[in-house]
Amino acid sequence: MDQRIENPKPAPLKIIICGGGIAGFAAALQLREEHDVLVLESSSYNEELGAAITLSINATRLLRRSFARAGFDKDLANYVEAEKFQELHWKDLSVLLEWRISAVTEKYGEPWWYFSRKDVHAELKRAALSEDGLGITPRLKTGAHVERVDLETGSVFLKSGESYKADLIIGADGIRSASGNSVFGKLETTPEGLSAHRCMIRTEELRKNPQTQILTDSAKVLMVIGPDRRIVVYPCSSWDWMNFVCIYPDTSDRRLQWSSEVEVQDMVDKFKDFHPSIVAALSMASNAGVWQLRQRVPLPTLVKDCYALRITRVMENTKKMAPRATDSKEFEFKSAQTYSDYHWGYKVAEEAVDLMRANGLALKILNDATGEVGFD
């Protein structure tokens with residue numbers, strides 16, 4: 061007689077996600093299969109701002125597996141697959157360094173993708189809120205400005221006077237996290253001494269100009285290296301746009317506003333001594349923004365009672381910058397995966413073990429006293 065006892069499926073948790081950006085909807089998409097999710101977003105229109113992001117193998121592995129299973133479609137997010145990386149001299153555009161990304165893909169089995177932030181946010185939002193998705197369809201409340209979080213009651217109070225209760229509260233509301241400030245006290249940031257101009261330029265316009273078409277000859281990350289400044293260029297939005305990130309020294313302290321729009325000519329003037337092709341390209345921008353790169357003072361923990369500030373590695377916690385860093389966005393996807401791993405049927409750990417075995421890798425204890433582990 062079969063004596064096996066099946067454990068009942070645990071009841072869904074009520075989860076509130078503070079923030080409806082890329083991190084917030086990535087978490088909502090991963091959690092919706094087994095939990096009841098509410099996303100609170102402060103803006104009324106809930107559209108992503110900023111320019112573009114690159115996602116390397118750590119993030120694309122998740123997008124191609126667990127996120128795709130949950131409904132994410134890379135084609136709807138208008139991805140561009142990277143081909144190579146180049147460093148160019150700022151004066152003559154001579155190649156200082158070049159490597160083909162296919163070598164990385166062949167070794168690790170995953171591609172490197174470029175997205176516009178607006179596209180990937182829209183697709184995460186679509187998949188997360190789709191009626192055809194897994195489990196319970198999350199709810200989205202816009203215009204929801206978080207005033208404080210009460211850990212004793214598991215409640216989020218809005219400036220409107222409304223309140224919501226949950227078993228778990230996730231803070232995904234950015235570097236100025238209202239929820240995080242409420243739970244941990246003021247989350248301090250300090251300037252790094254750098255700022256970044258950002259702009260998006262139509263690829264078609266760059267290709268039509270003999271001076272600038274060199275920037276569009278392949279799906280590559282171009283890094284134009286100067287003595288104290290650098291420019292990063294890559295395509296996104298199914299090649300419709302080229303993203304420019306122009307980093308320069310900045311000793312000001314933008315305490316009240318870490319990002320803002322600027323005149324295009326201000327951006328051009330800061331890089332006017334670069335190669336004429338670069339100057340010509342920047343001059344084509346119809347608008348530009350500036351983001352100050354800031355460091356967040358590390359917290360001893362990102363979890364307190366029923367609250368979890370977006371789980372990330374130390375760099376994301378201490379070095380949250382303008383929306384540009386590959387690592388920053390990768391860890392938003394990893395955070396979402398981490399939230400769901402405890403309750404989801406998709407076994408990331410099992411996949412990791414299978415990949416390690418396939419590549420002849422095995423973990424061993426390197427230090428019995430500290431528990432440090434590493435590869436043979």
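To get this note's numbering, take the position in the sequence shown, counting from 1, and add 60.
Every residue gets a Cβ at the ideal spot worked out from N, C-alpha and C, and that includes glycine.
Item to check | Alpha-carbon to alpha-carbon, G80 and P198 | outcome: 12 Å
Next on the checklist: Can you give me the C-alpha to C-alpha distance between L275 and V305, rounded to a whole angstrom?
Outcome noted: 14 Å
Item to check | Per-residue burial, I76 [other beta carbons within 10 Å of its own, 16 or more giving buried] | outcome: buried
Checklist entry - Out of curiosity, what's the CA-to-CA distance linking G240 and C366? => result 12 Å
Checklist entry - Buried or exposed: Y294, going by 16 or more other Cβ atoms within 10 Å of its Cβ? => result buried
Next on the checklist: Just verifying my parser: in three-state terms, what is the DSSP assignment at V357?
Outcome noted: coil
Item to check | Cβ-based burial, A139 [other Cβ within 10 Å; buried from 16] | outcome: A small correction: the amino acid at residue 139 is Tyr; Ala does not occupy that position in the sequence shown. Looking at its Cβ environment, which holds 16 or more other Cβ atoms inside 10 Å, Y139 is buried.
Next on the checklist: Under 8 Å, with one C-beta from each stretch per pair, do the segment 243-253 and the segment 348-363 reach the 3-pair mark?
Outcome noted: yes
Checklist entry - Nearest chain B C-beta to P309 closer than 9 Å, yes or no? => result The question asks about chain B, but that chain is absent: this structure has only one protein chain.
Checklist entry - Sorted by chain position, which residues of the same chain lie with C-beta nearer than 6 Å to K225's C-beta, five sequence neighbours on each side aside? => result G214, S215
Checklist entry - Taking the C-alpha atoms as reference points, what is the distance between A83 and L115? => result 14 Å
Checklist entry - Would you call the CB atoms of R121 and G169 closer than 9 Å? => result yes
Checklist entry - Is the beta carbon of G234 less than 9 Å from the beta carbon of L89? => result no
Item to check | Nearest to T165 (by Cα), restricted to the options S278, D210, N118 | outcome: N118
Checklist entry - Going by alpha carbons, who is nearest to W301 out of M344, D288, P72, A368? => result M344
Next on the checklist: Bridge partners for I113 per DSSP, in chain order?
Outcome noted: F175
Checklist entry - So, is Y402 buried or exposed, given that buried needs 16 or more other C-beta atoms within 10 angstroms? => result In this predicted model, Y402 has a pLDDT of only 44, less than 50, meaning its place in the structure is not dependable; the value taken from the coordinates is given anyway. Its Cβ having fewer than 16 others within 10 Å, Y402 is exposed.
Item to check | Where G434 falls, given that 16 or more other Cβ within 10 Å makes a residue buried | outcome: exposed
Checklist entry - With distances taken between CB atoms, is the gap from E141 to A279 smaller than 9 Å? => result yes
Item to check | Reduced DSSP secondary structure (H/G/I, E/B, other) of T272 | outcome: coil
Checklist entry - Out of curiosity, what's the CA-to-CA distance linking M260 and L423? => result 44 Å
Next on the checklist: Quick check on DSSP: helix, strand or coil for E101?
Outcome noted: coil
Next on the checklist: Do I285 and E191 count as a contact pair if the criterion is CB distance below 9 Å?
Outcome noted: no
Next on the checklist: At 3 residues or longer, what runs of the beta strand (DSSP E) sit wholly inside the segment 317-350?
Outcome noted: 319-322
Item to check | Coarse secondary structure for A128, derived from DSSP in three states | outcome: helix
Next on the checklist: If we require 4 or more residues per run, which alpha helix (DSSP H) segments fall completely within the segment 140-176?
Outcome noted: 162-168
Item to check | Burial state of L254 (16 or more Cβ within 10 Å) | outcome: buried
Item to check | Backbone secondary structure at A385 - three-state DSSP | outcome: Low per-residue confidence applies at A385: pLDDT is 40, beneath 50, and the placement is therefore not dependable enough to give any value.
Checklist entry - Can you tell me whether E222 is buried or exposed, with buried defined as 16 or more other CB within 10 angstroms of its CB? => result exposed
Item to check | L218: first and last residue of the uninterrupted beta strand (DSSP E) it sits in | outcome: 215-218
Checklist entry - Short check: CB of G442 to CB of S104, under 9 Å? => result What the structure shows of the chain is the stretch from 61 to 436, and residue 442 is not part of that stretch, so it cannot be assessed.
Checklist entry - In the DSSP assignment, what are the bridge partners of A256? => result I307, W351
Next on the checklist: Alpha carbons only, please: which of S102, W150, P171 is nearest the one belonging to R125?
Outcome noted: P171
Checklist entry - Count the other CB atoms within 10 Å of the CB of A128; is the residue buried (16 or more) or exposed (fewer)? => result exposed
Checklist entry - Mind checking V363: buried by the 16 CB within 10 Å criterion, or exposed? => result exposed
Next on the checklist: If distances are taken between C-alpha atoms only, which option among E183, P309, L211, S220 comes closest to L123?
Outcome noted: E183
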